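For the working numbering, count along the sequence shown from 1 and bump the result up by 561.
The beta-carbon is built from N, C-alpha and C at its ideal position, and this holds for glycine as well.
Just so we're clear, the structure is a prediction, and the values are computed from it rather than from any experiment.
Below is one structure, written out as structure tokens, with a few remarks after it.
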Amino acid sequence: MKAWLLYLFMMLYFVKISTTLDNGLSRTPPMGWIDWERFRCNVDCNNDPNNCIGEKLFRDMIDRIAADGYKDVGYEYVNLDDCWMSHERDENNRLTANSTRFPNGIKSLADYAHSKGLKLGIYEDYGLLTCAGYPGSLNYMDIDAQTFADWGIDYLKFDGCYSLPWTMNKGYPEMTRALNKTGRPIVFSCEWPFHQQKASIKPNYKLIRKNCNSWRNFKDVQDSWDSVMKIIDFYTKEQDTLIAAAGPGGWNDPDMLIIGDFGLSYDQSKSQMAMWSIFAAPLMMSTDLRTISDEAKEILLNKEVIAVDQDALGKMGRRVISRGSVDVWSRPLVNGSYAVVFFNKGSDGGPSNVTVTLEEIGFTTTVQKYALRDLFLHRFLGNYDVRGTFETSINPTGVVMVTASPVKINKYRTTNFWFHC
Ligand SMILES: *[C@@H]1O[C@H](CO)[C@@H](O)[C@H](O)[C@H]1NC(C)=O
Ligand SMILES: *[C@@H]1O[C@H](CO)[C@@H](O)[C@H](O)[C@H]1NC(C)=O
Ligand SMILES: *[C@@H]1O[C@H](CO)[C@@H](O)[C@H](O)[C@H]1NC(C)=O
Ligand SMILES: *[C@@H]1O[C@H](CO)[C@@H](O)[C@H](O)[C@H]1NC(C)=O
Numbered sequence: 562m563k564a565w566l567l568y569l570f571m572m573l574y575f576v577k578i579s580t581t582l583d584n585g586l587s588r589t590p591p592m593g594w595i596d597w598e599r600f601r602c603n604v605d606c607n608n609d610p611n612n613c614i615g616e617k618l619f620r621d622m623i624d625r626i627a628a629d630g631y632k633d634v635g636y637e638y639v640n641l642d643d644c645w646m647s648h649e650r651d652e653n654n655r656l657t658a659n660s661t662r663f664p665n666g667i668k669s670l671a672d673y674a675h676s677k678g679l680k681l682g683i684y685e686d687y688g689l690l691t692c693a694g695y696p697g698s699l700n701y702m703d704i705d706a707q708t709f710a711d712w713g714i715d716y717l718k719f720d721g722c723y724s725l726p727w728t729m730n731k732g733y734p735e736m737t738r739a740l741n742k743t744g745r746p747i748v749f750s751c752e753w754p755f756h757q758q759k760a761s762i763k764p765n766y767k768l769i770r771k772n773c774n775s776w777r778n779f780k781d782v783q784d785s786w787d788s789v790m791k792i793i794d795f796y797t798k799e800q801d802t803l804i805a806a807a808g809p810g811g812w813n814d815p816d817m818l819i820i821g822d823f824g825l826s827y828d829q830s831k832s833q834m835a836m837w838s839i840f841a842a843p844l845m846m847s848t849d850l851r852t853i854s855d856e857a858k859e860i861l862l863n864k865e866v867i868a869v870d871q872d873a874l875g876k877m878g879r880r881v882i883s884r885g886s887v888d889v890w891s892r893p894l895v896n897g898s899y900a901v902v903f904f905n906k907g908s909d910g911g912p913s914n915v916t917v918t919l920e921e922i923g924f925t926t927t928v929q930k931y932a933l934r935d936l937f938l939h940r941f942l943g944n945y946d947v948r949g950t951f952e953t954s955i956n957p958t959g960v961v962m963v964t965a966s967p968v969k970i971n972k973y974r975t976t977n978f979w980f981h982c
């Protein structure tokens, strides 16, 4: 490698280190499961013992993730959201789990997750109360961080209800420090920019990135296509800010995957998976893995799409073309390939066709030919000239997702990387 190039890489490396939360975690976006979108604050264990926020639900999900292939493709964190706590702190001001719903406590649940090779995450709030009205961490950050570390917690989602958004630039870093002081590596997932944006405060993403491994910047996802579209629209509109904010160690979080729930069609489910992956977003499922359909499961387990999400370069994709109802998104990958999503926002009639040149998408033209592979059909589509056209047909509210890898050409033969696999 040329010396100046090496120097450039080293510079970039050190710049990254100095601006990222230095806890060694989330070098690629976190993957796992969290209860909120699907199970909410259902605390009625008497009448609904299988679906209430209690030990059984989380043990069941840990079992399913470990046994049904989710762990094998990278899903790792099993997270409790709001409503796990008792309404009162104990005599030492420590949080305690609701003892009827979590009779063995959180530590035993963490031990159980760890015994299956998984990790356990938990939820708290920066303010006076959590969104559902349980005790918040305000004035108790050190105690709470230590409690979580003592329990063996691996991930903290830190909400921002019942707090003052203009104090967050000081307040969230306090929790970052409290977590660091415990000495336990704990992924720190913040809702800091979302709550500030709601209050018309412009988030300081540099500071946020320095203190959090991921950050929510838009409303909670609901179980509908309309909700998913609103999130995608926000990410499109804000892409310059969001692309600059994210990278290894810290990620934009568009919220949970609702694939497997009630609101999305088959095509829309693939769209959420593809868009979240082109965003380099955390892939946190919120669905009932005990009863999920084979179709939805197959989407969540799509290794080729997950590989794009988890690409080591960690570069969030950009919308590069908007033509009629079709948006084209692209992100560069660490191996010199690109991932591309053709997203048809339209919901009218049948499939929409779009024709683009690879050059238009932004591929480097120093490479003459690219091998395109469809990540949902799991099929090689052909070698395409960088200045030639590529036409594809995209279902309403659906996607076509491909990777494009440079084809090596030499005097003696033409090889396409895919033939090695
Ligand atoms: C705490 O911060 C220091 C300095 O940034 C870092 O080296 C260390 O790994 C951190 N520890 C944890 C547990 O996050
Ligand atoms: C535990 O949750 C139940 C609802 O499932 C509630 O009735 C009870 O008051 C809670 N206990 C504590 C100590 O918060
Ligand atoms: C580059 O990485 C992507 C994502 O992991 C993969 O789909 C593609 O096949 C890789 N290309 C080559 C040439 O290895
Ligand atoms: C749309 O594109 C597909 C290829 O993806 C092609 O087979 C079909 O003929 C095209 N339809 C129209 C109307 O151009």
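Residue i Cβ short of 7 Å to ligand 2 heavy atom set
i      : result
Asn611 : no
Asp651 : no
Asp605 : yes
His939 : no
Ser647 : yes
Chain-order list of residues whose beta-carbon lies under 8 Å from that of residue i (same chain, five-residue window excluded)
i      : result
Val869 : Ser838, Ile839, Arg892, Leu894, Ala900, Leu936, Met962 and Thr964
Ser579 : Residue placement at Ser579 is flagged as unreliable, the pLDDT there being 49, under the threshold of 50; a coordinate-derived value is accordingly withheld.
Gly697 : Glu685, Asp686, Tyr687, Gly688, Leu689, Leu690, Thr691, Cys722, Tyr723 and Ser724
For residue j and residue i, believed in contact at Cβ under 8 Å, the rounded distance
i      : j      : result
Asn700 : Asn730 : About 18 Å separates the two Cβ atoms, so there is no contact after all.
Gln800 : Asn778 : Not confirmed; about 12 Å, so no contact.
Leu850 : Met622 : 6 Å
Gly959 : Ser832 : 6 Å
Asp917 : Ile882 : Here residue 917 turns out to be Val, not Asp, going by the sequence shown. That pair is a contact at about 6 Å.
Gly615 : Arg662 : 4 Å
Ala706 : Ala739 : 4 Å
Pro726 : Ile769 : That belief does not hold up - the Cβ atoms of Pro726 and Ile769 are roughly 13 Å apart, past 8 Å.
Pro843 : Pro590 : 5 Å
Asp828 : Asn956 : 5 Å
Gly885 : Leu582 : The pair is not a contact, with the Cβ atoms about 41 Å apart (cut-off 8 Å).
Leu861 : Ile819 : 11 Å between Cβ atoms; not a contact.
Residue i - partner residues in DSSP beta bridges
i      : result
Asn914 : Ser954
Cys751 : Phe719 and Trp776
Asn640 : Ile595 and Gly682
Tyr931 : Tyr945 and Pro967
Ile867 : Per DSSP, none; premise fails for Ile867.
Phe903 : Val889 and Val961
Ser883 : Asp888
Leu690 : Pro696
Arg940 : Asp935
Proximal residues to residue i (C-beta, below 7 Å), its chain only, five neighbours per side dropped
i      : result
Glu865 : Leu936 and His939
Gly678 : Ala627 and Lys632
Phe709 : Ile683, Leu717 and Ile747
Arg655 : Ile704 and Thr708
Pro815 : Phe779, Ile792, Tyr796, Trp837, Phe840 and Ala842
Thr802 : Tyr766
Asn603 : Asp609, Asn612, Cys613 and Ile614
Check: residue i C-beta below 7 Å from any heavy atom of ligand 1
i      : result
Asn741 : yes
Asn608 : no
Gly744 : yes
Gly910 : no
Asn584 : yes
Contact test: residue i Cβ vs ligand 4 heavy atom, cutoff 7 Å
i      : result
Thr953 : yes
Asn914 : yes
Distance cut-off 7 Å: residue i Cβ against heavy atoms of ligand 3
i      : result
Ser898 : yes
Thr661 : no
Asp870 : no
Leu874 : no
Ser966 : yes
Leu690 : no
Leu862 : no
Glu920 : no
Glu865 : yes
Leu894 : yes
Contacts around residue i, its chain only, beta-carbon distance under 6 Å, and the 5 residues preceding and following it disregarded
i       : result
Leu942  : Leu933 and Asp935
Val789  : Gln833
Ile970  : none
Lys876  : Arg892 and Pro893
Asn659  : Ser647
Met845  : Gly593, Ile595 and Met817
His981  : Only weak support is given to the placement of His981: the predicted model assigns it a pLDDT of 43, under 50, and the value that follows is read from those uncertain coordinates. Correct list: empty, nothing qualifies.
Pro1058 : Any answer about residue 1058 is impossible in this case: the structure gives the chain only from 562 up to 982.
Ile667  : Ala658 and Trp712
Closer than 8 Å to chain D by CB, residue i
i      : result
Cys602 : No chain D appears in the structure shown, which is made up of a single protein chain.
Checklist entry - At which residue ranges does the stretch 784-857 contain complete beta strand (DSSP E) runs of 3 or more residues, listed in the order of the chain? => result Segments of the beta strand (DSSP E) lying fully in the stretch 784-857: 812-814 and 844-846.
Item to check | Whole runs of the alpha helix (DSSP H) within the stretch 606-663, excluding any shorter than 4 residues | outcome: 616-628
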